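As structure tokens, the structure follows; a few thoughts come after it.
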Amino acid sequence: MFYDKSSHPCTLVAQHEDEVKAQLKNSLEPLLKDPLYIFAFRACELLAVYLKNSLKKEFGSYLINKINDENHAKFWQKAEMLLLLRKAWRNQEFYNEICDIHDEIAQIWGEFLPFK
């Protein structure tokens, strides 16, 4: 999430991205027949968007290799605080978007959460 493909420290991502994505897609396919998993994956995707946007707002990018070396420690510190304190998504806009995701899935599958 914080690295582009060319500088990614994980060999699987840097050198075998297409194969890993294909294998992941095959592995996740059965889960995507359950509305609860669909919601969880969509929620994670939205959380990542908000985290990236918060980092980009502060550092000009969410990609670590696009940030000055002297700011790397600040970047990781900020990312950790945004995650731990949920600051990146603790707002009405996020709440509205997550509710929209729920409603969209519930419209197709019916109610799937015990509460809203």
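Residue 22 is where the sequence shown starts when you use the numbering used here, and the numbers rise one by one after that. Heads up, the beta-carbon is just placed ideally off N, CA and C, and yes, glycines get one too. All figures in this text were calculated on a predicted structure; none of them were measured in a lab.
Starting from residue i, trace the alpha helix (DSSP H) in both directions and tell me its first and last residue.
| i | result |
| --- | --- |
| Arg63 | Pro56 to Phe80 |
| Lys99 | His93 to Leu105 |
| Glu50 | Careful: Glu50 lies outside any alpha helix (DSSP H) and carries neither H nor E. |
| Phe23 | Unbroken run through Phe23: none, as it is neither H nor E. |
| Ile88 | Unbroken run through Ile88: none, as it is neither H nor E. |
Assuming contact is defined by CB atoms lying nearer than 9 angstroms, are residue i and residue j in contact in what I supplied?
| i | j | result |
| --- | --- | --- |
| Ile126 | Phe115 | no |
| Glu79 | Lys99 | yes |
| Leu106 | Leu72 | no |
| Ala109 | Ser82 | no |
Our contact map puts residue i next to residue j with C-beta atoms below 8 angstroms; I'd like the distance itself, whole angstroms only.
| i | j | result |
| --- | --- | --- |
| Glu38 | Lys46 | Not confirmed; about 12 angstroms, so no contact. |
Quick check: is any heavy atom of the ligand FAD less than 8 angstroms from the C-beta of residue i?
| i | result |
| --- | --- |
| Glu91 | Here there are no bound small molecules, and the ligand FAD is not part of this structure. |
Open item on the list: Using a Cβ distance threshold of 8 angstroms, determine whether the stretch 80–98 contacts the stretch 50–66, with at least three qualifying pairs required.
Closed with: no
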